[in-house]
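Under our numbering, the first residue of the sequence shown carries the number 4, and numbering increases by one thereafter.
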Amino acid sequence: MAALKDAKRLVVKIGSALLVDAKTGKLRRAWLESLAADVAAIRKRGTDVILVSSGSIALGRGVLGLPVAALPLEQSQAAAAVGQIQLARAYEEVLSPHGIITAQVLVTLEDSADRRRYLNARATMETLLGFGVTPIVNENDTVATDEIRFGDNDRLAAQVAVTIGADQLVLLSDVDGLYTANPNINKDAHHIEIVDVITADIEGMAGDAASALSKGGMKTKVMAAKVATEAGCAMAITLGTPLNPMSLLENGGRATWFSPQTDPQAARKRWIATMKPRGAYVLDDGAAKAMAAGKSLLPAGVVKIEGRFGRGDPVTIRGMAGIALGLGLTRYTSDEAGQIMGRRSDEIEAVLGYKGRAALIHRDDMVL
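Rendered as structure tokens:
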């Protein structure tokens, strides 16, 4: 079973019901402050932390005086626009006393389906983490349409975990894990501590959308677990309502842990390997040796470009003899790459007129 203290990169998903009091529509400030203390403690041991937070619509609803009942799409989007400011401010206020800088990242599930947007989102979050920032990720509900429904941020959290190569994902919920049946109905239902493989039986335990248990999002949580574990990320569902929920989990709090089926880097390499190349980079011998040694592909080592491709497209990497060396996701279009090939990375800005990325293909985006 995964141990929280071993996480190198951790994604924590926070649901609306944990952040916002259902009766008053106000932020549960004391709870959020306790979560901030947990995050600070986890970061101190060198773990990257990314928070995927619901709550913008719930907070905006309270500010605008809208009813608790289901809202029309336009009102949901308006509530999200108002609440997003409240949400970002709240996280900044509780994390800054711990010396933690926060950043707001608004995405949609579709961003992970588009390679260019996926790579841009990944690069942005990697850069933020490199600066020691804690990103606060939320779905962009001000422009979302049918995506606005309870439970989507479970799947979004899994997609974020995959995008940034997290090794652990924790879903803070109003339930303490997965049960063999609905414990509110079936007194014989028992808690499942570890799920090694998500089978059809496991999926069936989550119930359908009308069940009391999955009304809290259990079905979407198991869906999220499938996405995360197949990408090499362990996932836990645990009760988030008490103060300091991450500390409780670390100290043996009840949860259901889903075991990863591989490691994040291997899963990413497999994903890239399945893509159909749109073009090719031909390398000189020095660049081929550097790449084989685990280096990124720099413009200086490219002697020829074949095909037409855009940013984020898969490109074959070949040696001078025409032998394929690997496949990777390019950070430049074929036109841009043609202008900077053979150049040093510090010359890119002068050639293209803007400060681009040093590598044509980063080593994390290639498979040999």
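All residues carry an ideal CB built from backbone N, CA and C; glycine is no exception.
{"Item": "Helix, strand or coil: which one does DSSP assign to TYR121?", "Value": "helix"}
{"Item": "Of all the options GLY28, ASP316, HIS101, LYS224, which has the alpha carbon lying nearest to the alpha carbon of LYS47?", "Value": "HIS101"}
{"Item": "What are the boundary residues of the alpha helix (DSSP H) that GLN342 is part of?", "Value": "337–343"}
{"Item": "What does the Cβ neighbour count give for LYS16, buried or exposed, with the cut at 16 atoms within 10 Å?", "Value": "buried"}
{"Item": "Taking just the CA atoms, how far does VAL163 sit from HIS193?", "Value": "31 Å"}
{"Item": "When we look at the beta-carbon of VAL1 and count the other beta-carbons within 10 Å, is it buried (16 or more) or exposed?", "Value": "The structure shown does not extend to residue 1, since the chain spans only 4 to 371, so no value can be given for it."}
{"Item": "Pull up the distance between the alpha-carbon of ASN2 and that of ALA362, whole angstroms please.", "Value": "For residue 2 there is no data in the structure shown, the boundaries of the chain being 4 and 371."}
{"Item": "Does the distance from the C-beta atom of ALA283 to that of ALA303 stay below 9 Å?", "Value": "no"}
{"Item": "Along the alpha helix (DSSP H) that carries ALA258, what are the first and last residues, could you check?", "Value": "No alpha helix (DSSP H) contains ALA258, which is instead part of the beta strand (DSSP E) from 258–261."}
{"Item": "Please classify ASP323 as buried or exposed, where buried requires at least 16 other C-beta atoms within 10 Å of its C-beta.", "Value": "The question names Asp, but residue 323 is Met in the sequence shown. Classification for MET323: exposed."}
{"Item": "With 16 other CB atoms within 10 Å as the buried threshold, where does GLN171 fall?", "Value": "buried"}
{"Item": "Quick one: what does DSSP say GLU196 is sitting in, helix, strand or coil?", "Value": "coil"}
{"Item": "Quick one, are the C-beta atoms of ALA43 and ILE103 less than 9 Å apart?", "Value": "yes"}
{"Item": "Who does LEU174 pair with in a DSSP beta bridge?", "Value": "LYS16, ILE240"}
{"Item": "Do you know offhand how far ILE240's Cα is from GLY63's?", "Value": "27 Å"}
{"Item": "Helix, strand or coil: how does DSSP classify LYS29 here?", "Value": "coil"}
{"Item": "Here's a check: name, in chain order, each residue in its chain whose Cβ is nearer than 7 Å to the Cβ of VAL354, leaving out the five neighbours to either side.", "Value": "GLN342, ILE343, ARG346"}
{"Item": "Going by DSSP, what residue range makes up the beta strand (DSSP E) through TYR2?", "Value": "With the chain covering 4 to 371 only, the question about residue 2 has no answer from this structure."}
{"Item": "Assess, as a yes-or-no matter, whether the region 297–312 is touched by the region 249–268 under the definition of 3 or more beta carbon pairs within less than 8 Å.", "Value": "no"}
{"Item": "Say whether the region 256–267 touches the region 228–239, bearing in mind that this needs 3 or more beta-carbon pairs closer than 8 Å, one atom from each stretch.", "Value": "yes"}
{"Item": "Enumerate in chain order the residues of its own chain whose CB-to-CB distance from ALA69 is below 7 Å, with the five nearest sequence positions on each side excluded.", "Value": "Rather than Ala, the amino acid found at residue 69 in this sequence is Leu. Closer than 7 Å at Cβ, skipping near neighbours: GLN78, ALA82."}
{"Item": "Of all the options THR202, ALA124, ASN189, GLY243, which has the alpha carbon lying nearest to the alpha carbon of GLY180?", "Value": "GLY243"}
{"Item": "What distance in whole Å lies between the Cβ atoms of LEU109 and THR137, which are believed to be in contact at a cut-off of 8 Å?", "Value": "Not a contact, Cβ separation roughly 15 Å."}
{"Item": "Under the three-state reduction of DSSP, which class applies to LEU74: helix, strand or coil?", "Value": "coil"}
{"Item": "Assign LYS292 to one of three DSSP states: helix, strand, or coil.", "Value": "helix"}
{"Item": "In angstroms, rounded to a whole number, what distance separates the CA positions of ALA237 and GLU339?", "Value": "39 Å"}
{"Item": "Return helix, strand or coil for ASN189, following the three-state DSSP convention.", "Value": "coil"}
{"Item": "When the Cα atoms are used, what is the spatial distance from LEU378 to ALA20?", "Value": "The question about residue 378 has no answer here: the residues shown for the chain are numbered 4 through 371."}
{"Item": "Do ARG12 and ILE139 have their beta-carbon atoms positioned less than 9 Å apart in this structure?", "Value": "no"}
{"Item": "So, helix, strand or coil for THR202, using DSSP?", "Value": "coil"}
{"Item": "Rounding to the nearest angstrom, what Cα-Cα distance links VAL370 and MET294 in this structure?", "Value": "10 Å"}
{"Item": "With burial defined as no fewer than 16 other Cβ atoms inside 10 Å of the residue's Cβ, what is the status of LYS224: buried or exposed?", "Value": "buried"}
{"Item": "Buried or exposed, going by whether 16 or more other CB atoms sit within 10 Å of the CB of PHE312?", "Value": "buried"}
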